[in-house]
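J.:
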Amino acid sequence: MLVPESLAVLVLEDSSADAELVADVLRDVLPQARLLGARTLGEAEQLLAAEHVDVALVDLSLPDADGLAVLTRLRAVHQDLPLVVLTGADGLETARAALAVGAQDFVRKGEMSASLLGRAVRYAVERAGAGRALRQAQGWATRLLDALEAPTCAVDAEGTVTASNEAFDRVVAALPGPPTPLPYALVAAAGLRLQPADAARVLDGLEQVLAGARPRSEHTCP
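Residue numbers for the sequence shown follow the numbering used here, beginning at -1 and rising by one.
1) Look at L5 and L28 and say whether their C-beta atoms are less than 8 Å apart.
2) What residue ranges within the stretch 108 to 154 form continuous beta strand (DSSP E) runs of no fewer than 3 residues, ordered along the chain?
3) Which complete beta strand (DSSP E) runs does the stretch 6 to 36 hold, if anything under 3 residues is left out?
4) Could you check if D103 is buried or exposed, using at least 16 other CB atoms within 10 Å of its CB as the buried criterion?
5) Please classify P80: is it buried, with 16 or more other beta-carbons within 10 angstroms of its beta-carbon, or exposed?
6) Are the Cβ atoms of L8 and A42 separated by less than 8 Å?
7) Along the beta strand (DSSP E) that carries T38, what are the first and last residues, could you check?
8) Between S14, S13 and R25, which has its C-alpha nearest G116's C-alpha?
9) Applying the 10 Å Cβ sphere with the 16-neighbour rule, what's the burial state of G189?
10) Can you tell me whether A93 is buried or exposed, with buried defined as 16 or more other CB within 10 angstroms of its CB?
11) For S162, which residues does DSSP report across the bridge?
12) Pull up the CB-CB distance for L58 and V83, whole angstroms please, since I reckon it's below 8 Å.
13) Considering only C-alpha positions, which residue in the set F166, W138 and S14 is nearest to E147?
14) Just the C-alpha distance for Q44 and L33, rounded to the nearest angstrom, thanks.
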């Protein structure tokens, strides 16, 4: 993915000195970038509602929010916004935890350089774009799967159902016990009401598929 130089970058930082430092470094590495500033999470939320922003550089210690709550609130409304966490020397563990709740990268303020910050910004934009493309592809695949009238599912290497269409879900809903995760064997034998010989043939075909052999099992649902 080619990242444009003319990015709109939001700097969410309550310290004027730190915000100016980040802005100076960004001007060196992304001279065509449009810089936007906010001192509180509330200001950032208002700005994001009114302006297009390509990436946000976020301090996690703000007057109106602190820690991972900053990211949680941003992600609740702006799922695709690339986020780079700005952290001090004592915030490294929090910054790492931030990656698990939606941040694409983090940069330590004491080690900030034009090359480091520029790389983090570009990586965040690229990674967020890849995630957005993946979600779009998954949505397309789900719609295609649901268009099939026959109960249809995908299974993993252990034979557990990992994806299914609406017709398959209706079969599962009629089964006793928790709906997920379900082994395909249970659905094939009970949900589709297969005769013992048919169930054995279907499950034998599944074992061949999971073993890498060419699938040879077919069955028409009653």
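In this text, a Cβ means the ideal position worked out from N, Cα and C, and glycines have one as well.
T.: This is what the structure holds:
1) The residue labelled residue 5 in the question sits at position 7 within the sequence shown. The residue labelled residue 28 in the question sits at position 30 within the sequence shown. Contact flag set, yes.
2) If you keep only unbroken beta strand (DSSP E) runs of at least 3 residues inside the stretch 108 to 154, you get 151 to 153.
3) The qualifying runs are 6 to 10 and 32 to 36.
4) Walking along the sequence shown from the start, residue 103 turns up at place 105. Buried: at least 16 other Cβ atoms inside 10 Å.
5) By one-based count along the sequence shown, residue 80 stands at place 82. Buried, since its Cβ has 16 or more Cβ neighbours within 10 Å.
6) Indexing the sequence shown from 1 puts residue 8 at position 10. Indexing the sequence shown from 1 puts residue 42 at position 44. Yes, the Cβ-Cβ distance between L8 and A42 is below 8 Å.
7) Here the question's residue 38 lines up with position 40 in the sequence shown. No beta strand (DSSP E) holds T38; DSSP gives it neither H nor E.
8) By one-based count along the sequence shown, residue 116 stands at place 118. Each of S14, S13 and R25 was checked against the Cα of G116, and the nearest Cα belongs to R25.
9) Counting from 1 along the sequence shown, the entry for residue 189 is found at position 191. With a pLDDT of 46 at G189, under the threshold of 50, the modelled position of that residue is not reliable, and no figure is offered here.
10) Counted from its first residue, the sequence shown places residue 93 at position 95. Per the 10 Å Cβ criterion, buried.
11) Counting from 1 along the sequence shown, the entry for residue 162 is found at position 164. According to DSSP, residue pairing for S162 in a beta bridge involves C151.
12) Along the sequence shown, read from residue 1 onward, the residue named residue 58 stands at position 60. Along the sequence shown, read from residue 1 onward, the residue named residue 83 stands at position 85. Confirmed, Cβ separation roughly 6 Å.
13) As a first step, residue 147 is located in the sequence shown; it is residue number 149 there, counting from the start. Nearest C-alpha to E147 among F166, W138 and S14: F166.
14) Stepping through the sequence shown from its first residue, residue 44 is reached at position 46. Stepping through the sequence shown from its first residue, residue 33 is reached at position 35. Taking the CA atoms as reference points, Q44 sits about 16 Å from L33.
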